[in-house]
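Here's the structure we're looking at; comments come further down.
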Amino acid sequence: MNQQQGTTDESEGGCGCKVERVAERYDLGQVDGVLVSKWLGESGERYSLRRLETFFNERVLEAVVTESPMTVLDGDVSHLYERLSDGSVSAGQRAETENYLKRVGVNVERVRNDFVSHQTVHTHLRDCLGETRKRASDPGSRVEKADKTVLSLQNRMRLVTEETIERLSRADIVALDSFDVYVDTTIVCGDCDRSLSFSELLDRGTCRCQVDERGGEGPTPQTARRSETASRAE
1 MNQQQGTTDE
11 SEGGCGCKVE
21 RVAERYDLGQ
31 VDGVLVSKWL
41 GESGERYSLR
51 RLETFFNERV
61 LEAVVTESPM
71 TVLDGDVSHL
81 YERLSDGSVS
91 AGQRAETENY
101 LKRVGVNVER
111 VRNDFVSHQT
121 VHTHLRDCLG
131 ETRKRASDPG
141 SRVEKADKTV
151 LSLQNRMRLV
161 TEETIERLSR
171 ADIVALDSFD
181 VYVDTTIVCG
191 DCDRSLSFSE
201 LLDRGTCRCQ
211 VDERGGEGPT
221 PQTARRSETA
231 SRAE
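In structure tokens, the structure reads:
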């Protein structure tokens, strides 16, 4: 891995998308096969695109910190990534984590710029790897359909924004040699002001504050609906 390289070079013969460039830069090996397997649920549980985003970005962060002087324990990478990316983390906690990583030689901004979005992961799976996922027959298919609907709108907004920037660049109104556009839907809980993405809401079924009020790992609205459906089917 070469963390000092300023940009990720497109590989010869590959798709050249950001997922591939970043995977090569951080020596992530056969990560494509792992992404496909987790997305299709070949080992049992099917990962959402949001979970795949987290999985990939944590592998990137892990590749960096394992080359630093810091001792990496189980759970450390997930904790560090949450501190860098979770919208509910306070600015003070995020700054503390960034300063810690910088002290051990991690270029935080460069690593963060190499993180990918769930939209980028989906594009890589669909367009680069040619993978599609059949709609599930269980109640979770409604969740997948809802996620797909919002994701399609986000992708449309991303494409429109990219095309607009390119037109402005050709007209010499803005100057950007290369850029990435990210579009996400942020939901703010009215009870605790925590923020979460639409995909996170679908994954969790509720806000963390609702789980805390129920005393830990209580059932979420999503799991409750699934249990009710299963009971009716018995």
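Once you know that position 107 of the sequence shown is 107 in the UniProt record's numbering, the rest is easy, because the numbers rise by one and skip nothing. Even glycine gets a Cβ: it sits at the ideal position worked out from N, Cα and C.
The C-alpha of HIS122 lies about 12 Å from the C-alpha of LEU40. Remark: C-beta atoms of VAL108 and VAL60 do not approach each other more closely than 8 Å. Assignment of beta-bridge partners to THR186 by DSSP yields SER197. Burial of SER199 is indicated by the presence of at least 16 other C-beta atoms within 10 angstroms of its C-beta. GLN30 sits in coil when the DSSP states are folded into three classes, being neither helix nor strand. Residue state for CYS209 is assigned as helix, using DSSP reduced to three classes. From the listed residues ASP27, TYR100 and HIS118, the smallest Cα separation to GLN154 is found for HIS118. Of the candidates PHE115, LEU52 and ARG46, PHE115 places its Cα closest to the Cα of TYR26. Contact between PRO69 and VAL104 holds: their C-beta atoms lie close to 5 Å from each other, under 8 Å. Around the beta-carbon of PHE56, 16 or more other beta-carbon atoms lie within 10 Å, marking it buried. Within the same chain, and ignoring the five residues on either side of LEU201 in sequence, the residues whose Cβ sits closer than 7 Å to its Cβ are ILE187.
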